[in-house]
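Asker: So the sequences go chain by chain: A and B.
So in my numbering, the last spot in the first sequence is 1598, and the numbers never skip.
So in my numbering, the last spot in the second sequence is 344, and the numbers never skip.
Each residue gets a CB set at the ideal place from its N, CA and C atoms; glycine is no exception.
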Amino acid sequence: MKFLCLRCDEVMAFAERQLPGDGTMAAVFGCPGCGHEMAMLTNPMETRLVSSLGVRVGGRAVPEQPLEMTRSALTDARPDAFADEMPESGTSAHAALQGTADETAALADASLHAARVQWDDAAVDRMARVPSFVRGMVKRIYTDWAREHGVAVITPQVMDQARTDLGLEGM
Amino acid sequence: MRKFRTYHQVTHETGSRILEQVLEQRARLTDRLATVGAIIAIASGKGGVGKSAITANLAAALALRGARVGALDADLNGPSLGRMLGVPRAALTDGAAGVQPATGVAGIRVMSMDLLQQDEAPLRWRGPEGDGFVWRGLAETGVLREFLSDVVWGDLDYLLVDVPPGTDRMARLIELVPHPHQTLLVTSPAEIVRFVVAKSARLLHDAGVRNVAIVANLIPATGTRLSPEGRAAPLDHSGTVEPTEADAVDAVDQLERETGLSVVARIPYDPALATLTDRGAPFVLASPDADAVRAFALLADRVERGNGGRYAS
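1. Does residue 1465 (chain A) get closer than 9 Å to chain B when you measure Cβ to Cβ?
2. Around the Cβ of residue 222 (chain B), are there at least 16 other Cβ atoms within 10 angstroms (buried) or fewer (exposed)?
3. Run through chain D and tell me which residues come within less than 7 Å of residue 165 (chain B), C-beta to C-beta.
4. Identify whether residue 104 (chain B) lies in helix, strand or coil by the three-state DSSP scheme.
5. Need the endpoints of the beta strand (DSSP E) that residue 1473 (chain A) sits in, please.
6. DSSP beta-bridge partners for residue 129 (chain B)?
7. So, do the region 199-213 of chain B and the region 38-46 of chain B have three or more beta carbon pairs nearer to each other than 8 Å?
8. Would residue 1471 (chain A) pass as a contact of residue 1450 (chain A) if the rule is Cβ separation under 9 Å?
9. On the DSSP letters alone, give me the boundaries of the beta strand (DSSP E) that residue 293 (chain B) sits inside.
10. Out of B:228, B:225 and B:236, which one is the CA nearest neighbour of residue 209 (chain B)?
11. Could you spell out where the alpha helix (DSSP H) holding residue 187 (chain B) opens and where it closes?
12. To the nearest angstrom, how far is it from the Cα of residue 360 (chain B) to the Cα of residue 1559 (chain A)?
13. Taking 9 Å as the threshold (C-beta atoms), are residue 1493 (chain A) and residue 177 (chain B) in contact?
14. Using a Cβ-Cβ cut-off of less than 9 Å, list which residues of the region 1484-1504 of chain A approach chain B; keep chain order.
15. Between the region 101-117 of chain B and the region 82-90 of chain B, do three or more beta carbon pairs fall short of 8 Å?
16. Strictly below 7 Å CB to CB, what residues from chain B border residue 1609 (chain A)?
17. Tell me whether the region 67-75 of chain B and the region 161-171 of chain B touch, counting them as touching only if at least three CB pairs, one residue from each stretch, are closer than 8 Å.
18. Is there a Cβ of chain B sitting closer than 9 Å to that of residue 1439 (chain A), yes or no?
19. Does any residue of chain A bring its CB to less than 9 Å from the CB of residue 58 (chain B)?
20. To which residues of the same chain is residue 1531 (chain A) closer than 6 Å at the C-beta, ignoring the five residues directly before and after it?
21. Can you tell which of A:1511, A:1580 and A:1543 has the C-alpha that lies nearest to the C-alpha of residue 1555 (chain A)?
22. So, do the region 102-112 of chain B and the region 140-159 of chain B have three or more beta carbon pairs nearer to each other than 8 Å?
23. Just reading off the alpha helix (DSSP H) that residue 1497 (chain A) is part of, what are its end residues?
24. Comparing alpha-carbon positions, which option in B:158, B:183 and B:151 lies nearest residue 128 (chain B)?
25. In three-state DSSP terms, what is residue 1442 (chain A)?
26. From this set, A:1550, A:1543, A:1505 and A:1464, which residue's C-alpha is nearest residue 1579 (chain A)'s C-alpha?
27. Compute the beta-carbon to beta-carbon distance between residue 99 (chain B) and residue 187 (chain B), rounded to the nearest angstrom, for a pair I have assumed lies under 8 Å.
28. Confirm, please, whether the CB-CB distance from residue 1486 (chain A) to residue 1443 (chain A) is below 9 Å.
29. Within 9 Å (strictly less), CB to CB, does residue 1468 (chain A) reach chain B?
30. Where does residue 57 (chain B) sit, in a helix, a strand or coil, going by DSSP?
Written as structure tokens, this is what we have:
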């Protein structure tokens, strides 16, 4: 699907996607020549059609999660279908946050800091309310977003920010 | 009429990255299956011929020979393979690299929609009411893609895929795995089954799928007759003319001639096969001396010597 600005004969470029939560989708495209913008609006059936392909208009901010389409679309899912591979440990991330005098240790901690993200109690409580069928997937999405943005501790505010940034619906 | 450029004349991308995402999906699928020695599709086109029981018992027969075996239940609407392979209802381990498959009898790695759904719940998707026919097929293809690419199958000698009834379902698998190493079309001697299986054979031929063979199931043993539904039952000597073992053999031979495909196994009807397999104890493990088990052993040997098999020539 491509949009052509007839005035400029330029291909319009993707600018933004919004999921207002009612099953519809808005994807904004702009003309690089004249700046004219247009929004492509899809009805719930069209939105579902696109998501059934496992793709996102505008690309993905975080990689596609394992069984993402299945988990997001299946009703009557078993709540205990999945168990997390390994719970996030905050200890190492805490150490990285504290800092160390030793340069080698600091480098090691920086590496751990990049690899691990800590969750505060309020964020953990909020995650507990996410259905367990998708909890592992949602947790990884927030964790990946936090890593990419250099966030060491995930709080409810960070989750809100990530959700807005990623255009996550119902997470 | 105004003239403006058409889709193919516009070479510049919009930045919506749809094509890139599809290519990434394909790459992930290829990478995941790179550690699988051979993909064996078990299909028919017709329901009720025992595809899942064949899959479960073939998987067990291969595992008994020391092969590393995975089994994917592609029947999303009527999943049964997990139960047939004795998979416990434990949670699947969920990690960033993918979802670990469940482990059934003989160490067979299994993925089935049955592991994700509440008991007795039919397959239903979130989506707008009334428009399901537009996107449901896409959703099911998407799930099959995720089962193939997002499950950590690991190093396998064989991944058996139990394809649900309907020739369109076979076509969906071919879209994702264009060239299964081997495809087994399961038939029974019943005429209506053979009719549909012949259609499936034609579909596979036209799609360029090679290494297709027939597995004849529900062959009545000597001294039994075959009901019109293709089930064997004791001879009633009532004087009615019903197919016998010889008729069944003739019927399967006829399918072989019509399709040009080889019959690589003839599984004799044994009521215990279905009963035990349905309980999660594949027949080949529970009754090693039965005629049907010997037939499965021969089938496993054919698979092992076939395209992609451990002993392929």
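Answerer: In short:
1. Not closer than 9 Å to any Cβ of chain B, the Cβ of residue 1465 (chain A) fails to qualify, so no.
2. Counting every other CB atom within 10 Å of its CB across the protein chains shown gives residue 222 (chain B) a total below 16, marking it as exposed.
3. The chain inventory of the structure shown lacks chain D, comprising the protein chains A and B.
4. In this structure, residue 104 (chain B) counts as strand in the three-state DSSP scheme.
5. Note, residue 1473 (chain A): premise wrong, no beta strand (DSSP E); alpha helix (DSSP H) at 1471-1479.
6. Bridge partners of residue 129 (chain B): B:126.
7. No, they do not touch.
8. In contact: residue 1471 (chain A) and residue 1450 (chain A) (Cβ atoms closer than 9 Å).
9. That run of the beta strand (DSSP E) goes 293-299.
10. Comparing Cα positions, the closest option is B:236.
11. For residue 187 (chain B), there is no enclosing alpha helix (DSSP H); the enclosing beta strand (DSSP E) has its first and last residue at 187-193.
12. Here chain B comprises residues numbered 32 to 344, so residue 360 (chain B) is not present and cannot be evaluated.
13. Going by C-beta atoms, residue 177 (chain B) is nearer than 9 Å to residue 1493 (chain A).
14. Going along the region 1484-1504 of chain A in chain order, one finds 1484, 1485, 1486, 1487, 1490, 1491, 1492, 1493, 1494, 1495, 1496, 1497, 1498, 1499, 1500, 1501, 1502, 1503 and 1504 with a Cβ nearer than 9 Å to chain B.
15. Yes: the two stretches touch, three or more of their Cβ pairs being nearer than 8 Å.
16. The question about residue 1609 (chain A) has no answer here: the residues shown for chain A are numbered 1428 through 1598.
17. Contact between the region 67-75 of chain B and the region 161-171 of chain B is absent, because fewer than three Cβ pairs lie under 8 Å.
18. Closer than 9 Å: yes.
19. No, because no Cβ of chain A sits closer than 9 Å to the Cβ of residue 58 (chain B).
20. Reliability of the predicted coordinates at residue 1531 (chain A) is poor, the pLDDT of 43 falling under 50, and no value is obtained from them.
21. When only C-alpha atoms are compared, the closest one is A:1511.
22. A contact is defined here as three or more CB-CB pairs under 8 Å, and the region 102-112 of chain B meets this definition with respect to the region 140-159 of chain B.
23. Unbroken alpha helix (DSSP H) run through residue 1497 (chain A): 1495-1500.
24. Among B:158, B:183 and B:151, the Cα nearest to that of residue 128 (chain B) belongs to B:183.
25. In the structure shown, residue 1442 (chain A) falls within a strand segment according to DSSP collapsed to helix, strand and coil.
26. Cα-wise, what sits closest to residue 1579 (chain A) is A:1543.
27. With a Cβ gap of about 5 Å, residue 99 (chain B) and residue 187 (chain B) count as contacting.
28. Going by C-beta atoms, residue 1443 (chain A) is not nearer than 9 Å to residue 1486 (chain A).
29. No - not a single Cβ of chain B is within 9 Å of the one on residue 1468 (chain A).
30. In the structure shown, residue 57 (chain B) adopts helical secondary structure according to DSSP, grouped into three states.
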